[in-house]
Amino acid sequence: MDTILSPLYYAVSWIIVQFHSFYSLIFDENSGAAWGLSIVSLVVLIRICLIPLFVKQIKSTRNMQALQPKMKAIQERYKSDKQRQSEEMMKLYKETGTNPLSSCLPILAQSPFFISLYQVLSHIANNQTVGVINQSLLESAQKAHIFGAPLAAKFLDTPEKIQSLGASVTDVRVVTVIMIVLMSASQFYTQRQLMTKNVDLTVKTPFMQQQKMLMYVFPIMFAVFGIGFPGFPVGVLLYWLTTNVWTMGQQMFVIRRNPTPGSKAFQERQERLRAKGKLKEDPAEVEARKAAEEARQNRQQPKRQSKSQRQTQPTGSKQAGGGQQPRRTRAGSGSSASGASGADASKKQSLEKKAPQDSKPKGGSSASGSRNAKSGQRKGQQRPKHPSKK
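Note that this note's numbering has the sequence shown beginning at 79, numbered continuously upward.
In structure tokens:
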């Protein structure tokens with residue numbers, strides 16, 4: 079690894095040494111201010127060079143948000159065919175000019191410098207020269223402390239190693255914990271700002287759920303890596319805290335000046351431009367918005383009634399409308415129904431008495447009648463009705 083990244087070790091160490099030479103004109107060359115500001119300046123220089131990648135990241139994030147409904151439709155359509163689903167996704171990315179990896183470009187581009195700075199500080203902690211840092215610069219960097227913690231010290235370093243760097247265990251652990259908390263908090267706020275202000279709230283997509291998950295995962299991950307394995311030296315924590323603060327400020331600027339359409343930040347920007355008179359709007363839309371606002375203000379809500387009022391009101395209306403009439407109707411209908419059922423019963427009894435006399439066989443007439451009945455059924459004639467229905 080050292081052989082592959084040795085050119086980057088030279089580049090990073092050379093940049094730090096140049097900035098250290100400049101800040102040594104203002105501060106003591108062995109002070110934490112000179113070396114700490116050199117690391118901060120390294121971050122600023124790298125982030126300035128990465129501004130074009132950051133612009134691509136913003137555009138890619140917006141395009142991914144806009145493509146989420148189409149991507150979801152493709153996933154539903156080719157649910158059982160993963161190969162066709164991937165082909166359609168790549169075709170969609172090509173047609174819209176979207177690269178899913180563009181959102182990760184700034185982090186990927188910073189990773190080599192981050193690893194190089196980590197290795198440079200580790201060499202300083204182990205009293206080893208690296209890159210352009212010779213023995214005199216190595217001794218100067220080892221004496222540099224930030225709030226009592228050496229630049230090369232880690233949270234889990236042994237007391238003997240921390241004492242060899244001229245510091246106490248308490249100072250190192252307090253400073254590292256505070257820096258890790260600030261680093262995680264800045265990462266969380268940056269991601270939350272993106273989710274709450276620069277996302278189209280009218281479209282609910284899985285992309286929003288992924289971003290919400292990353293909002294909680296990244297801070298926890300940095301906290302674990304900063305304290306545990308591999309453990310970040312104080313100089314690396316300073317580097318990462320600085321780049322988080324830079325990202326947060328850069329994102330605030332972009333969200334304020336060029337927000338995503340449909341987001342909360344976009345609405346706030348429209349209101350600012352409207353208040354300054356710089357927003358050109360369609361007169362029909364302005365009139366429709368004013369009419370909707372006036373209708374909302376003039377709308378009267380119905381008066382709220384208590385439970386006793388809601389229960390007494392239907393009772394009074396029943397009494398006013400003549401509540402006794404339904405009772406008489408039900409009684410009359412009951413008597414008529416009982417009379418009709420009595421007449422049907424007497425009629426049924428008389429028909430049952432006559433039925434045995436009619437059903438007696440008379441020679442061959444019964445056989446001919448049965449044949450006629452069968453032929454009638456074959457011709458589609460209807461069956462005779464039941465005696466009770468005549």
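Even for Gly, the Cβ is constructed at its ideal location relative to N, Cα and C.
(Q) Three Cβ pairs or more, each shorter than 8 Å: is that satisfied between the stretch 92–108 and the stretch 210–217? (A) By the Cβ test, the stretch 92–108 is in contact with the stretch 210–217, since at least three Cβ pairs between them sit closer than 8 Å.
Q: Could you check what DSSP says for P228 in three-state terms: helix, strand or coil?
A: Looking at P228 - three-state DSSP - the assignment turns out to be strand.
Q) Excluding five sequence neighbours on each side, which residues of the same chain lie with their C-beta closer than 7 Å to the C-beta of F296? A) Cβ neighbours of F296 beyond the five flanking positions: Q265, Q269.
Q) Taking C-alpha atoms, which residue in Y87, W113, S158 lies nearest to Y196? A) Proximity to Y196 across Y87, W113, S158 peaks at Y87, based on C-alpha coordinates.
Q: Just mark T320 as buried or exposed, buried being the case when its beta carbon has 16 or more other beta carbons within 10 Å.
A: By the neighbour-count rule (16 or more Cβ atoms within 10 Å), T320 is buried.
Q) Okay, do the stretch 138–155 and the stretch 105–120 touch, 3+ Cβ pairs below 8 Å being the bar? A) Result no; under three Cβ-Cβ pairs closer than 8 Å.
Q) Fully enclosed by the stretch 185–224, which alpha helix (DSSP H) runs are 4 residues long or longer? A) Within the stretch 185–224, the complete alpha helix (DSSP H) segments at least 4 residues long are 213–221, listed from N- to C-terminus.
(Q) Let's test the definition: count the other Cβ atoms within 10 Å of the Cβ of L123 and tell me whether it reaches 16, buried, or not, exposed. (A) When all chains shown are included, L123 counts as exposed.
Q: Could you check if I298 is buried or exposed, using at least 16 other CB atoms within 10 Å of its CB as the buried criterion?
A: Exposed, because fewer than 16 other Cβ atoms sit within 10 Å of the Cβ of I298.
Q. Between the stretch 347–357 and the stretch 155–173, do at least 3 Cβ pairs fall closer than 8 Å?
A. No, they do not touch.
Q: Look at the alpha carbon of L316 and the alpha carbon of Y156, and state the distance between them as a whole number of angstroms.
A: Counting only the Cα atoms, Y156 lies some 47 Å from L316.
Q. Hey, out of T248, C127, G327, whose CA is closest to G226's CA?
A. For the options T248, C127, G327, the alpha carbon positioned closest to that of G226 is the one of T248.
Q) Who are the Cβ neighbours of K290 in its own chain at under 7 Å, not counting the five residues just before and after it? A) Excluding residues within five positions, the ones whose Cβ falls inside 7 Å are M273.
Q. In terms of residues, what are the limits of the alpha helix (DSSP H) holding S109?
A. Here S109 belongs to no alpha helix (DSSP H), and DSSP marks it neither H nor E.
Q: Alpha carbon to alpha carbon, how far is A343 from A366? Give it in angstroms, no decimals.
A: Distance between the alpha carbons of A366 and A343: 23 Å.
Q: Would you decide whether L120 is buried or exposed? Buried here means 16 or more other CB atoms lie within 10 Å of its CB.
A: So L120 counts as buried.
**Q.** DSSP-derived helix/strand/coil call for G306
**A.** Looking at G306 - three-state DSSP - the assignment turns out to be coil, as it is neither helix nor strand.
**Q.** Rounded separation between L234 and L199 - CA only
**A.** Approximately 15 Å between the Cα atoms of the pair.
Q: May I ask which residues mark the beginning and end of the alpha helix (DSSP H) holding K172?
A: Start and end: 160–174.
Q) Nearest-angstrom Cα distance between A301 and H223? A) Computed Cα separation, rounded: 22 Å.
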